[in-house]
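Residue numbers (this note's numbering): 8 to 104.
Laid out in structure tokens, this is it:
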């Protein structure tokens with residue numbers, strides 16, 4: 008049963024209805040998969056920059072170091088995220104039912 012008066016409240020106030028808000032937010036799994044693939048890209052770019060530096064084809068040492076730091080920070084973020092998730096999981100296991 009759909010109430011027409013409630014739809015007009017959502018349209019006038021700029022608030023999204025329940026069916027729209029659920030579809031607009033990405034799931035945690037999708038977000039995590041995106042972060043993992045982003046970290047992988049940073050690591051591959053850093054590896055490529057190191058290979059270019061070793062072969063003498065690197066545009067600059069500065070760019071190489073920037074790509075290495077970006078990969079390092081991205082990996083550290085993913086590592087800390089894993090640590091927090093494992094800590095939360097272990098806390099749930101310690102809960103008594």
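Even glycine gets a Cβ: it sits at the ideal position worked out from N, Cα and C.
| Query | Result |
| --- | --- |
| With contact counted as at least three CB pairs below 8 Å, one residue from each stretch, are the segment 87-100 and the segment 59-71 in contact? | no |
| Should residue 81 go down as buried or exposed, given a rule of 16 or more other Cβ atoms within 10 Å for buried? | buried |
| Determine the contact status of residue 78 and residue 46, defining contact as a CB-CB distance below 9 Å. | yes |
| With 16 as the cutoff for other CB atoms within 10 Å, does residue 49 come out buried or exposed? | buried |
| Can you tell me which of 37, 98, 70 and 35 puts its alpha carbon nearest to the alpha carbon of residue 52? | 70 |
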